[in-house]
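Participant:
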Amino acid sequence: MVEVLRLLQLDNWLQDMDGVAAAGAGALGVDGLAVSLVTEADSTELLWCSDATTRRFEDLQLTLGEGPGPDAVRTGALVWVPDLAQVRHARWPALAMEAPDLDARAVFCFPMGIGAIRVGVLTAVRRTPGPLTGEQADDALILASALTARCLGSGEPRPDAPEPAGSQHSLQHAVVHQATGMLSVQLSLPLSQALLRLRAHAYSSGRSITDISQEVVDRRLRLDPGGHGNGMPPTVADKD
Amino acid sequence: MNREQRVTEIFVEVADSLIDDFDLIDFLQQLSVRCMELINVAAVGILLADQNDILQTMAASDEHTRLLELFATQHDQGPCVECYKSGAPRTNINLTDPQVTSRWPQFAPRAAETGFVAANALPLRLRGRVIGTLALFQTDPDPLSDQDITLAQALADIATIALLQQRTAANSEVERAQLQHALTSRIVLEQVKGILAERWHVSVDEAFTAFRSYARAHQLQLARLARDIADNAFDTTLIPPPGRPVPKV
Numbered sequence: 047m048v049e050v051l052r053l054l055q056l057d058n059w060l061q062d063m064d065g066v067a068a069a070g071a072g073a074l075g076v077d078g079l080a081v082s083l084v085t086e087a088d089s090t091e092l093l094w095c096s097d098a099t100t101r102r103f104e105d106l107q108l109t110l111g112e113g114p115g116p117d118a119v120r121t122g123a124l125v126w127v128p129d130l131a132q133v134r135h136a137r138w139p140a141l142a143m144e145a146p147d148l149d150a151r152a153v154f155c156f157p158m159g160i161g162a163i164r165v166g167v168l169t170a171v172r173r174t175p176g177p178l179t180g181e182q183a184d185d186a187l188i189l190a191s192a193l194t195a196r197c198l199g200s201g202e203p204r205p206d207a208p209e210p211a212g213s214q215h216s217l218q219h220a221v222v223h224q225a226t227g228m229l230s231v232q233l234s235l236p237l238s239q240a241l242l243r244l245r246a247h248a249y250s251s252g253r254s255i256t257d258i259s260q261e262v263v264d265r266r267l268r269l270d271p272g273g274h275g276n277g278m279p280p281t282v283a284d285k286d
Numbered sequence: 033m034n035r036e037q038r039v040t041e042i043f044v045e046v047a048d049s050l051i052d053d054f055d056l057i058d059f060l061q062q063l064s065v066r067c068m069e070l071i072n073v074a075a076v077g078i079l080l081a082d083q084n085d086i087l088q089t090m091a092a093s094d095e096h097t098r099l100l101e102l103f104a105t106q107h108d109q110g111p112c113v114e115c116y117k118s119g120a121p122r123t124n125i126n127l128t129d130p131q132v133t134s135r136w137p138q139f140a141p142r143a144a145e146t147g148f149v150a151a152n153a154l155p156l157r158l159r160g161r162v163i164g165t166l167a168l169f170q171t172d173p174d175p176l177s178d179q180d181i182t183l184a185q186a187l188a189d190i191a192t193i194a195l196l197q198q199r200t201a202a203n204s205e206v207e208r209a210q211l212q213h214a215l216t217s218r219i220v221l222e223q224v225k226g227i228l229a230e231r232w233h234v235s236v237d238e239a240f241t242a243f244r245s246y247a248r249a250h251q252l253q254l255a256r257l258a259r260d261i262a263d264n265a266f267d268t269t270l271i272p273p274p275g276r277p278v279p280k281v
């Protein structure tokens, strides 16, 4: 898993997703991994996928609109299916019809996000039934959080880049989440983009995201709605 | 009422809560308050380790942001980190002792600013693993008795049980899923404090108080209501906003 996380830290991580996926699947003792990202319309799209079995499962969930992946995204909770054949029919009726024809037997979905910010879902698929070990589940949660930070922090190629928006250090501070909520209302932005604005401001002012957040919460700082490009991804659908 | 009666009363109250579909965050917050009263300390916090072994605050006897931030300062130092890493209780730590303060250069000054002179941290234990800590801060230097510590540890164990009792949408059988869900819920709550504070033009602490009163009055779970608000699935004009506006700086 250390190797997987190292690969994720590289600037060209998106080009080497196959390497990340292979190393990640190995570390988690599964046959395949997939990452789907939440789109604006609250559906998901596949960012990458390591193998045919996993791709088929992801495609099917997307087509049917149900399954462990959509549940993980919706609830923000991990969804754990050690044996697809044992799932109650009523839980995912359409998926249950297809399950016997699938190579996937065990599926584990780890939500990627920060609080109410939904980024996507990391899906681990195995062709044999059985649970993940506690250690594997911990590793998968770590991978999902690293991917979350990466996905929220991408488009920041500078060598002295600050920590990604979702990095573990800033997550610990209640003020960062509070400031995110306040900014989302001030600027009529989704929470995810409010967090990126905070981070961009911290970066451009050379200060920590915690300090900036504290000023926002204390109402000593307001960010202007126009924004100013600062390694900040273009904002979309933010006009009210 | 003497302490023994009070302890009995609290344990009955706790047991009653745990058999229902209870509100985890509110439960842990009230447990922190009870612990503060019973042990007679100034502040209590319940911290839970995330997947990266970083302690995150799940609840505190006082939800004021200043206290939450003090807990957050303990990302790599402080009594809770030492307790979590060693798995052993760290009790009656004198926060004014220079040997202690020099070991925790970020944590100690902030604790002193808040008026805390002594700290205690007890592990949240789960089958040989430590999943977080219960922190007790004092504004007086009197050491806690062995009895106090035994009682605090029992309350810490109750916090662990509560964390594992909560029902998540999908799978109650996986401990990790429950702990992860608890941490996520807490972050949603902080985001919603910010959303409401800005909508109402009040401080985040005032926003939280109004939010919690509404949730309690309508028997809604804090975490669920918070998520609905964040998802724009709940009309927040239904919640009576706090009356007092915050002076603009």
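As they're listed, the protein sequences go chains A and B. For the first sequence, the working numbering begins at 47 and goes up steadily by one. For the second sequence, the working numbering begins at 33 and goes up steadily by one. Don't be surprised by glycine CBs; every beta carbon is placed ideally from N, CA and C.
Please work out which residues of its chain come closer than 6 Å, Cβ to Cβ, to B/Thr-146, disregarding the five sequence neighbours upstream and downstream, and give them in chain order.
Facilitator: Reading the second sequence from its first residue, position 114 is the one you call residue 146 of chain B. Excluding positions up to five away in sequence, the list reads Leu-102.
Participant: Counting only Cβ pairs nearer than 7 Å, list the residues of chain A close to B/Val-220.
Facilitator: Here residue 220 of chain B corresponds to residue number 188 of the second sequence, with the count starting at 1. Gly-161 and Ala-162, listed in chain order.
Participant: Count the C-beta pairs between the region 153 to 168 of chain B and the region 114 to 125 of chain B that are closer than 8 Å, then say yes if the count reaches three, no if not.
Facilitator: With the cut-off at 8 Å, the region 153 to 168 of chain B and the region 114 to 125 of chain B touch.
Participant: In the DSSP output, which residue or residues are listed as bridge partners for B/Gln-170?
Facilitator: For the purposes of this step, residue 170 of chain B is identified with residue 138 of the second sequence, where counting begins at 1. DSSP output for B/Gln-170 lists B/Ala-150 as bridge partner(s).
Participant: Within a Cβ cutoff of 6 Å, which residues of the same chain sit near A/Cys-197, ignoring the five residues on either side of it in sequence?
Facilitator: Reading the first sequence from its first residue, position 151 is the one you call residue 197 of chain A. Closer than 6 Å at Cβ, skipping near neighbours: Val-165.
Participant: Closest to B/Leu-166 by CA distance: which of B/Gln-198, B/Asp-174, B/Pro-173 and B/Ala-186 is it?
Facilitator: As a working note, residue 166 of chain B is residue 134 in the second sequence. Nearest of B/Gln-198, B/Asp-174, B/Pro-173 and B/Ala-186 to B/Leu-166, Cα basis: B/Ala-186.
Participant: Look up A/Met-158 in the DSSP assignment and give the residues it is bridged to.
Facilitator: The residue you call residue 158 of chain A lines up with position 112 of the first sequence. DSSP output for A/Met-158 lists A/Gly-166 as bridge partner(s).
Participant: With the cut-off set at 8 Å, would you say B/Ala-75 and B/Ala-47 are in Cβ contact?
Facilitator: Taking the first residue of the second sequence as 1, we reach residue 75 of chain B at position 43. Taking the first residue of the second sequence as 1, we reach residue 47 of chain B at position 15. Cβ atoms of B/Ala-75 and B/Ala-47: not closer than 8 Å.
Participant: Buried or exposed for B/Ser-64, please, with buried defined as at least 16 other CB atoms from any protein chain shown within 10 angstroms of its CB.
Facilitator: Start at 1 with the first residue of the second sequence, and residue 64 of chain B comes out as number 32. Buried.
Participant: So is B/Lys-117 in contact with chain A if we call contact Cβ pairs under 8 Å?
Facilitator: The count along the second sequence starts at 1 and reaches residue 117 of chain B at position 85. Output row for B/Lys-117: interface = no.
Participant: Out of A/Ser-191, A/Val-127 and A/His-135, which one is the CA nearest neighbour of A/Met-158?
Facilitator: One-based indexing of the first sequence puts residue 158 of chain A at position 112. The option with the nearest alpha carbon to A/Met-158 is A/Ser-191.
Participant: Looking at the C-beta of B/Thr-241, does it have a partner C-beta in chain A at a distance below 8 Å?
Facilitator: As a working mapping, residue 241 of chain B is identified with position 209 in the second sequence. Not closer than 8 Å to any Cβ of chain A, the Cβ of B/Thr-241 fails to qualify, so no.
Participant: Could you check if A/Ile-255 is buried or exposed, using at least 16 other CB atoms within 10 Å of its CB as the buried criterion?
Facilitator: Position 209 of the first sequence holds residue 255 of chain A. It counts as buried.
Participant: Rounded to whole angstroms, what's the CA-CA distance from B/Thr-268 to B/Val-224? Just pull it up for me.
Facilitator: Walking along the second sequence from the start, residue 268 of chain B turns up at place 236. Walking along the second sequence from the start, residue 224 of chain B turns up at place 192. When rounded, the distance between both Cα atoms is 11 Å.
Participant: Please identify the residue among A/Asp-264, A/Ala-246, A/Leu-269 and A/Gln-218 whose C-alpha is closest to the C-alpha of B/Ile-86.
Facilitator: Sequence index remark: in the second sequence, residue 86 of chain B carries index 54 (1-based). Of the listed residues, the one whose Cα sits closest to B/Ile-86 is A/Gln-218.
Participant: Bridge partners of A/Arg-172, per DSSP?
Facilitator: As a working mapping, residue 172 of chain A is identified with position 126 in the first sequence. DSSP, once it has assigned bridges, lists A/Ala-152 as partnering A/Arg-172.
Participant: Which residues, taken in chain order from the region 219 to 231 of chain A, show a beta carbon closer than 9 Å to some beta carbon of chain B?
Facilitator: Against chain B - using a Cβ distance shorter than 9 Å - the residues of the region 219 to 231 of chain A are His-219, Ala-220, Val-221, Val-222, His-223, Gln-224, Ala-225, Thr-226, Gly-227, Met-228, Leu-229, Ser-230 and Val-231.
Participant: What's the call for A/Glu-202, buried or exposed, on a 16-neighbour Cβ count within 10 Å?
Facilitator: In the first sequence, counting from the first residue as 1, residue 202 of chain A sits at position 156. Note that A/Glu-202 scores 42 on pLDDT, short of 50, meaning its location in the model is unreliable and no value can be drawn from it.
Participant: So who's on the other strand from A/Trp-138, going by DSSP bridges?
Facilitator: To locate residue 138 of chain A, count along the first sequence from 1; it is residue 92. Beta-bridge pairing links A/Trp-138 to no other residue.
Participant: Between which two residues does the beta strand (DSSP E) containing B/Leu-270 stretch?
Facilitator: Residue numbering aside, residue 270 of chain B sits at position 238 when the second sequence is read from its first letter. Neither: B/Leu-270 is in no beta strand (DSSP E) and is coded neither H nor E.
Participant: Between the alpha carbons of B/Leu-50 and A/Gly-252, how many angstroms are there, rounded?
Facilitator: As a position in the second sequence, residue 50 of chain B is number 18, starting the count at 1. As a position in the first sequence, residue 252 of chain A is number 206, starting the count at 1. Their backbone Cα atoms lie some 47 Å apart in a straight line.
Participant: When DSSP builds the beta bridges, which residues end up paired with B/Pro-155?
Facilitator: Within the second sequence, the letter at position 123 stands for residue 155 of chain B. B/Thr-165, per the DSSP bridge assignment.
Participant: Tell me, please, whether the CB atom of A/Ile-255 is closer than 8 Å to any CB atom in chain B?
Facilitator: The sequence position of residue 255 of chain A within the first sequence is 209, counting from 1. So, not an interface residue.
Participant: Identify whether B/Ile-42 lies in helix, strand or coil by the three-state DSSP scheme.
Facilitator: Taking the first residue of the second sequence as 1, we reach residue 42 of chain B at position 10. B/Ile-42: helix per DSSP, three-state reduction.
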